[in-house]
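Q:
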Amino acid sequence: MAEADRPITLDPQALAEQVRQLEAINAALIDRVERSSDMHGGGFSMFETAIALEAMVRERTAALENTLARLNVANAELALAHNDADAARSRLRDAIETLPDGFAIYDAQDRLVLCNQAYLDFWPVMRERDLSNITFTEVAELAAHSGHALASLVSPDRWLADRLAHHAGADRVHIHALADGRWVQINELKTSEGGRVGIYTDVTEVKAEDARERARELAERNLVLQATLDTLSEGVCHYGKDRRLRVRNEGMTRLLGLDARTSKRLETHDGLVAHCRDRLGIDRMDALAWRDDGARIEMQCLLGGRHFIIRSTPLLPGGMAISFNDITDRVNDREALREAAEMLERRVAERTTELEAEIAERRVVEAELMSAKTAAEHANRDKTRFLAAASHDLLQPLNAARLFVAALGERRLAAPSRALVRQTGVALDSVEDLLEALFEISRLDAGAITPDLTSIELEPMLGALRIEFAAVARGHGLLLDIPETNLWVGSDVRLLRRILQNFLSNALRYTATGGVGIKVVAEGEYARITVHDTGPGIALEHQDTIFEEFRRLEATQRIPGKGLGLAIVRRATAMLGHPLEVRSRPGEGSAFSVLVPIAQPREPRADDPARPLASGSTGSRRLLVIDNDPAILSGMAALLRNWGHHVTLATSARDDGVEAALAQGIDLIIADYHLDDGARGDGAVAEIRAQTGTAIPAMIITADRSEEVKAALAAAKLPVLNKPVKPAQLRALLRNMLGSGA
Amino acid sequence: MTIPPSGLVVAYSHTGDPACAVAELVAAIAGRALAGGMLFCSHRYSRDALAEELARQFPDFPMIGCTSAGELSPLGYDEDSIVFIGLPADSFAMSILHFDDLDGFEVEQGRIAVRELAATAAAQARRLGDQLHHAAIFLVDGLSHREELITMTVQEALGDTVMVGGSSGDGMVFRETGVLVKGRFVQDAAALAILSSIRPLHAFRTNHYRPREERMVVTASDAQARVVYEINARPAAQEYARIAGLRGGQIDTAFFAANPPMVRAGGEYHVRAVQSANADGSLTFYCAIDNGIVLRVGERIDRIAHMEELFADVEAHVGAIDHVIGFDCVLNRIDAASGQLTGEVSQLYARRHVVGFNTYGEQFRAAHNNQTLSGLAIGA
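Chains as they are written, first to last, in my numbering: chain A, 388 to 1129; chain B, 52 to 431.
(1) From the DSSP secondary-structure annotation, give me the bridge partner or partners of residue 906 of chain A.
(2) Find out if the Cβ-Cβ distance for the pair residue 1108 of chain A, residue 1120 of chain A is shorter than 8 Å.
(3) Which ranges does the beta strand (DSSP E) cover as unbroken runs of at least 3 residues, wholly within the segment 573-598 of chain A, from first to last along the chain?
(4) So what's residue 506 of chain A in DSSP terms, helix, strand or just coil?
(5) Measure the C-alpha to C-alpha separation of residue 862 of chain A and residue 798 of chain A and round it to an integer number of angstroms.
(6) Are the C-beta atoms of residue 408 of chain A and some chain B residue less than 8 Å apart?
(7) Return no unless some Cβ of chain A is closer than 8 Å to the Cβ of residue 284 of chain B.
(8) Could you spell out the range, first to last residue, of the alpha helix (DSSP H) harbouring residue 431 of chain A?
(9) Strictly under 8 Å for the Cβ-Cβ distance: is residue 317 of chain B near chain A by that measure?
(10) Which residues, in chain order, does the segment 89-117 of chain B contribute to contact with chain A at a C-beta distance below 8 Å?
(11) Got a sec, what are the start and stop residues for the alpha helix (DSSP H) residue 405 of chain A sits in?
(12) By the criterion of Cβ-Cβ separation under 9 Å, what are the contact partners of residue 245 of chain B in chain A?
(13) Quick check: the segment 322-335 of chain B against the segment 355-366 of chain B, are there 3 or more CB pairs under 8 Å?
(14) Which chain A residues are close to residue 202 of chain B, counting only those with a beta carbon under 8 Å from its beta carbon?
(15) Would you give the residue range spanned by the alpha helix (DSSP H) that residue 365 of chain B belongs to?
(16) What residues in its chain sit with their C-beta under 8 Å from that of residue 325 of chain B, if we drop five residues either side in the sequence?
(17) Quick one: what does DSSP say residue 65 of chain B is sitting in, helix, strand or coil?
(18) How long is the line joining the alpha carbons of residue 1007 of chain A and residue 1029 of chain A, rounded to whole angstroms?
(19) So what does DSSP say about residue 1129 of chain A, is it helix, strand or coil?
(20) Let me know the alpha helix (DSSP H) ranges lying completely inside the segment 1003-1066 of chain A, each 4 residues or longer, listed in chain order.
(21) Under 7 Å from any heavy atom of the ligand SAH, does the C-beta of residue 165 of chain B make it?
(22) At a Cβ threshold of 8 Å, is residue 341 of chain B touching chain A?
(23) At which residue ranges does the segment 850-906 of chain A contain complete beta strand (DSSP E) runs of 3 or more residues, listed in the order of the chain?
(24) Are residue 135 of chain B and residue 90 of chain B close, meaning C-beta to C-beta below 8 Å?
(25) For residue 981 of chain A, which three-state DSSP category applies?
(26) Between the alpha carbons of residue 1063 of chain A and residue 1039 of chain A, how many angstroms are there, rounded?
(27) With distances taken Cα to Cα, identify the nearest neighbour of residue 789 of chain A among A:676, A:1079, A:1018 and A:1056.
(28) Could you name each continuous alpha helix (DSSP H) segment of 4 residues or more that falls completely within the segment 146-206 of chain B, going from the start of the chain to the end?
(29) Would you say residue 923 of chain A and residue 850 of chain A are within 8 Å of each other, going by their C-beta atoms?
(30) Take the Cβ of residue 760 of chain A as the centre, count every other Cβ of all protein chains shown within 10 Å, and call the residue buried at 16 or more, exposed below.
(31) Which runs of the beta strand (DSSP E), 3 residues or longer, sit entirely within the segment 665-710 of chain A?
(32) Compile a chain-ordered list of the residues in the segment 441-456 of chain A whose CB is closer than 7 Å to at least one CB of chain B.
(33) Would you mind sorting residue 187 of chain B into buried or exposed? The rule is 16 or more other CB atoms within 10 Å of its CB.
(34) Given a cut-off of 8 Å on the beta-carbon distance, is the pair residue 234 of chain B and residue 102 of chain B in contact?
(35) In chain order, what residues of the same chain have a beta carbon less than 7 Å from the beta carbon of residue 52 of chain B, not counting five sequence neighbours either side?
(36) Within 10 Å of its beta-carbon, does residue 801 of chain A have 16 or more other beta-carbons around it, so buried, or fewer, so exposed?
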């Protein structure tokens, strides 16, 4: 309201005036408001209305102008776009017209959008129609019924259906033959808006080229095929459904005796049949019979005097293939073979009969041999048994006698008695030696001895020999020189020892003055063990014969000896395979060598020859002797007691007195191997050891020199002495087992 | 060879003798083909003589015109002169309708007449082509009290064709103005011309005032006579002067011009110009007033800058300006004078090819305004 500069006053008159003014103003305003919307409210109202209208018009005009402006712009752009579209359209049209192929685009509603002349050339009927808004279906129908396509001449509806289907699918290339002889390849693709674009290419030339190419290939293949066929030795031919010749090879003409001129007969099947029948006199007409179906048939027949196998096969979809195989040679060969086979059979039969007779003979001989062998074996066995028994039986009493004599020899005797005893001893020794030697030879001959080849340390053996022959050498006034060696050799302990013993005893026996010695020299893989002496020497002509039994050289006849030593050596070295050599000249001494392979040292075994220990006597010990022969027992007792030992005698482990003796303590057991009642020495030892619970030292004395016994005792780790026992041996072993100085 | 269409033919004369003046105009026209013309003359001219001369020199020539309260010639603000604006035939077509006996104006008849005129104008304009711009010039007796009604009626009947125009003046004498109707200057008359042109046309209106804060309410008035007796239930002139801040000094035309009452309508403020302060303390207005309307007193804005903006905006609409037919309220001229702006404004007008006259009121579309500069800009 009109605030103006009215001061607020309390003057009633002024107030009244103010109120009056305000009332008048109020009334005027209210009246104005009421009349403001009157249609004919006076000039001012009209003015107001005009102004209001003006505002509206202004707005409307602005909006209109804006819209017009935009419309103009849009129109301009549209015009531009139309121009562009037109330009593009022209360009497209020009472009597709330059294509040599037919080109047509159909839109998503299948209406023809654009196509070029080349397209219309394929379907000339289209030129007569107004192409605006034409659909593909209409075009296809036109084409189908215009007979432009070859297939449509035959079945227009089918062609149409196919064409429409292809068009809809638009995923493959199709080739159509046109009625005017051309070929068109139609390649339709879907466009992004769901329409179809098709390229129509004249592929006539391509097809023709293809066809030419195929024809060339076919021709080539035919040539190759024909060449292949002609390489066959068989004759092959093929007749088509019309029974006319399609294919034949060179073999046909050759085998059927045709030439260039006459081979015309083969043109028809009937001709073939006639030729075979009339000219060649085939013996089986059905071999060539025409068949329309069925399996292959093979027949052997005669054609022109030759054998043939004719195979005929009906072919699908019609026709026959026939092959002729000249098997005459084969037939002939077969005949020849058969004859040969028969002949062979005959010969075989003959030979078999002969052989059977021979075999029968041989069988007889074999039987005889067998029985001879059996007899020989029996004889051998008998001999061995005899030898064993003999040796045992012979040696037992001999052993006893030796023992007694030895015992005697240790008593105080008068000189003559002593001499007698000595002589007896010597005689017994001789007998013993002889028997031993004989037994040895026999065993060697009987093959009762199998060498047990092991690695042997030579030094202990030599040591034992040193001891053994020291006294003898001293007695002869000879030097005994056996140097030490550290070589090991591979041989049989006993046999080697025997060889060396024999050499040594011979040498000592036959050397009057000088000395005897053993030389051990390594020669490559062998150790040459030579026993050399300064004896009289052996003449060359005798160097073989000395190895015969009982052979002694004249010069040595005087010297006691049996002449068996070298015989044994010969057998032993032969058995062992050790080469034997003699080098000697009369007056220059002799050297007997045995070549033994050098061996690797090995762990010592229980039955190794014990190293000789420093000599000394055994102290008094308590000994148990078990033998089933009382004579042996008393002999052993005498001997041992002489040496100062306490001796308990028993015939078995269970004898009375054994227990008592054991209770008192036994230092050593000496047991015989073969005891009564099948008991054995090693068993007795074991029993006693078990009884006492201690491993009392034990040795076995036996006359049994067989391998089984040796093995068994070796397994039981029981030292063995063979009967007859040499006292010195026994003593040495005792010393060894009971300990030195013991 | 095509000759570019020529611009408006503007001729003016300061010669007081009508015959000589008209002869000068003719000479200046130099025989160019014109579709029609507008003529604004100083109120001092002997109207009958002038009319006669014009009828003789421009027989059957479509012309509208009126007396003024000053002219806008190619020199800018001018007086005691005749200004003639000729529309070249090669780019314009013009059709005219006259109204007289404005007091007896009947809306319906008026509407029909205007519509007929529009049809005629369209037909006549067809020779120019089909991309035409249209506008209407409306001259009306500035002393009639029927401007509002007729303006509204005419604009409504014209439809989309924008109407702009001025009320005839008589040099601040307020006795009798004349509108050229059928070869005579007539009172209580109006003339309407529809212009069609291949050139762009743009009608505009502006005023150079902005309202101050204080508001006053018309509490007693005679709407018919456009007299306000009381403002804020106080004697009008006195209250107006008080609110306008007159401290001593005369309530005179210059004062009215510098402190125009403004009314708010359509979101904008429009001047309700005071014609005179009467002896009984009432105020006579140039335009419609009524009881209860709320007025504010306006104050000047920077006229030159504002007009430059205006012309720049006009150029945005029509491109290069050929001429502006201007209807500048006489009060604007008076206020320019009291603000020492006459020279500048004249120069601006001259530069911008503004030709027309000083009015007792302006028409723009359907509204009758005061103290505006209204006009029609014609593009090149």
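From the three backbone atoms N, C-alpha and C, an ideal C-beta is built for every residue, glycine too.
A: The short version:
(1) A:917
(2) yes
(3) 583-589
(4) helix
(5) 22 Å
(6) yes
(7) yes
(8) 430-485
(9) yes
(10) none
(11) 399-422
(12) Simply none; closest approach about 17 Å.
(13) no
(14) 437
(15) 354-369
(16) 291, 307, 311, 312, 334, 335, 336 and 337
(17) coil
(18) 10 Å
(19) Note on residue 1129 of chain A: pLDDT 38, under 50, position unreliable in the model; the coordinate value appears next. Coil.
(20) 1017-1029 and 1045-1051
(21) With respect to the ligand SAH, the structure shown offers nothing to examine, as it has no ligands at all.
(22) yes
(23) 866-868 and 875-879
(24) yes
(25) strand
(26) 8 Å
(27) A:1018
(28) 158-176
(29) no
(30) exposed
(31) 684-690 and 693-701
(32) 441, 442 and 444
(33) buried
(34) yes
(35) Because residue 52 of chain B sits at a pLDDT of 46, beneath the cut-off of 50, its placement in the model cannot be relied upon, and the following sentence gives the value as read from the coordinates. Taken in chain order, the list of residues that qualify is empty.
(36) exposed
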